[in-house]
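*Asks:* Numbering (my numbering), first residue to last: 9 to 228.
Heads up, the beta-carbon is just placed ideally off N, CA and C, and yes, glycines get one too.
Treat the numbers as computed from the prediction; the structure is a model and nothing was measured.
Structure in structure tokens, see below.
This is the structure in structure tokens:
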């Protein structure tokens, strides 16, 4: 169980996700999808129950989880007073990525050239979103956590996001996303997990067994 204040945001989650899977969290607003993503990112704690992400116990090793996952949420995670290139470079340095990785991420999200040298505080909402995605991509996380990944993007950028997700999964990364654009996500052929009222209603997988190995992703 996970609490928001005293309110139980997640009360019945039993979910196993295998390496390389793409999983869609489906459910109405307030169902607990965003909280589940934040829990998997190590950004909120378990009040009860057990959870492992990439082999790390969410009760004791949340910092270790954060180093290996990346969350694209409603907040950009960017510094307004830094340029786009500086923001992406900051996350690249934290992940041990190279300058070439930064250039490739900027190019892939159509942020090279003038936009790369623009301070984030002067960007449009769509440009900020692309900069956030570039900051995620450059880290090459093992687990991608995406909350409404197409929000605020034009058609070309949406297609780019789909391509990036397919490429990440093909390279062995695990992708967990939440979106209301179900037709859009269908092309990614995800496994669908229904979340209602803070509980997983379907698609949870086997709940039995010992603590997972490093290759398993599990939240209870």
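1. Any contact of the stretch 128-145 with the stretch 83-90, i.e. 3+ C-beta pairs under 8 Å?
2. Mapping the DSSP letters down to three states, classify residue 171 as helix, strand or coil.
3. Let me make sure I understand the geometry here. Which of 89, 171 and 147 has the alpha-carbon closest to that of residue 78?
4. On the three-state DSSP scale, how would you describe residue 21?
5. Looking at the secondary structure, which residues open and close the alpha helix (DSSP H) in which residue 145 lies?
6. Could you work out which residue in 168, 178, 161 and 152 is closest to residue 186 when comparing CA atoms only?
7. Would you mind reading off the limits of the alpha helix (DSSP H) that contains residue 57?
8. Determine, using beta-carbon pairs with one atom in the stretch 181-200 and one in the stretch 22-29, whether at least three such pairs fall under 8 Å.
9. In chain order, what residues of the same chain lie with their CB nearer than 8 Å to the CB of residue 174, ignoring the 5 residues before and after it?
10. Is it the case that the Cβ atoms of residue 125 and residue 168 are separated by a distance below 7 Å?
11. Using the Cβ count rule (16 or more neighbours within 10 Å means buried), how would you classify residue 150?
12. Skipping 5 residues on each side, what residues in its chain have a beta carbon closer than 7 Å to that of residue 113?
13. According to DSSP, simplified to helix, strand and coil, what is residue 39?
14. Mapping DSSP to helix, strand and coil, what is residue 148?
*Replies:* Taking the definition as stated:
1. yes
2. As a working mapping, residue 171 is identified with position 163 in the chain shown. Looking at residue 171 - three-state DSSP - the assignment turns out to be helix.
3. Within the chain shown, residue 78 is the residue found at index 70, counting from 1. Comparing Cα positions, the closest option is 147.
4. Residue 21 sits at position 13 when you count from the first residue of the chain shown. Residue state, collapsed to three classes: coil.
5. Against the chain shown, residue 145 aligns to sequence position 137. Note, residue 145: alpha helix (DSSP H), 133-145.
6. Residue mapping note: residue 186 aligns to position 178 of the chain shown, counting from 1. Of the listed residues, the one whose Cα sits closest to residue 186 is 152.
7. On the chain shown, residue 57 is found 49 positions in, with the first residue counted as 1. Here residue 57 belongs to no alpha helix (DSSP H), and DSSP marks it neither H nor E.
8. yes
9. Start at 1 with the first residue of the chain shown, and residue 174 comes out as number 166. Within the same chain, residue 174 has close Cβ partners 196.
10. If you number the chain shown from 1, residue 125 lands on position 117. If you number the chain shown from 1, residue 168 lands on position 160. Not in contact: residue 125 and residue 168 (Cβ atoms no closer than 7 Å).
11. Taking the first residue of the chain shown as 1, we reach residue 150 at position 142. Answer is buried; the Cβ neighbour count reaches 16.
12. Your numbering for residue 113 matches position 105 in the chain shown. Contacts found: 96, 142, 145 and 146.
13. Numbered from its first residue, the chain shown carries residue 39 at position 31. Reduced to three states, the DSSP call for residue 39 is coil.
14. Working through the chain shown from its first residue, we reach residue 148 at position 140. Of the three classes helix, strand and coil, the one that applies to residue 148 here is coil, per DSSP.
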